[in-house]
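Enquirer: Taking the numbering used here, the leading residue of the sequence shown gets 144, the next gets one more, and so forth. A virtual CB, placed ideally from N, CA and C, is assigned to each residue, including glycine.
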Amino acid sequence: MSFELKTTNQTQLEPATPDKKLNRLIDEIEQQKLDLAKWQQAQEQIQQQVRLKLLPIYSELHQTLFQQLEQLWDNVQNPEFSKAEQLQLDDKTAQLAKLLRHSKSLNKQQIESVQKIDEFYRQLNRQKTPPKTQ
144 MSFELKTTNQ TQLEPATPDK KLNRLIDEIE QQKLDLAKWQ QAQEQIQQQV
194 RLKLLPIYSE LHQTLFQQLE QLWDNVQNPE FSKAEQLQLD DKTAQLAKLL
244 RHSKSLNKQQ IESVQKIDEF YRQLNRQKTP PKTQ
């Protein structure tokens with residue numbers, strides 16, 4: 144009885160030397176640097192598109208909201224409105240003033256007008272709110 148042994152060549156994996164590990168890590172770091180640069184470039188492009196497209200729309204929206212605020216403010220004390228309608232007008236006017244209070248899209252005069260209206264409604268709310276008792 145004879146036994147024949149078949150041998151196959153196996154590629155032996157040599158344990159990675161410290162130099163090879165270091166070089167692999169350096170390559171990974173370099174790749175991550177490239178990926179980061181691409182992300183930063185994409186971020187800058189997105190911000191530029193926002194500045195070009197959305198900021199003008201945002202500014203136009205604030206101008207429209209300011210016009211609405213002025214119209215509401217001019218008509219809030221109109222005697223043609225019922226008490227309930229005046230309360231609704233007050234509520235909407237106060238909301239718009241609060242929204243526009245820190246707008247960067249309005250000019251100085253408009254901001255002053257918004258702040259005046261907002262302060263009026265803040266004082267009104269302070270008067271309506273009873274003081275806290277301890």
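I need the straight-line Cα distance from Ser256 to Glu213, nearest angstrom please.
Expert: 9 Å
Enquirer: When you compare the region 162-176 with the region 203-223, are there three or more beta-carbon pairs, one atom per stretch, that lie closer than 8 Å?
Expert: no
Enquirer: Between the region 182-201 and the region 224-234, are three or more C-beta pairs nearer than 8 Å?
Expert: no
Enquirer: Would you mind stating whether Leu243 and Leu208 have Cβ atoms separated by less than 8 Å?
Expert: yes
Enquirer: Where does Phe263 fall in DSSP's three states?
Expert: Looking at Phe263 - three-state DSSP - the assignment turns out to be helix.
Enquirer: With distances taken from CA atoms, which of Gln258, Glu187, Gln252 and Asn250 is nearest Leu239?
Expert: Gln258
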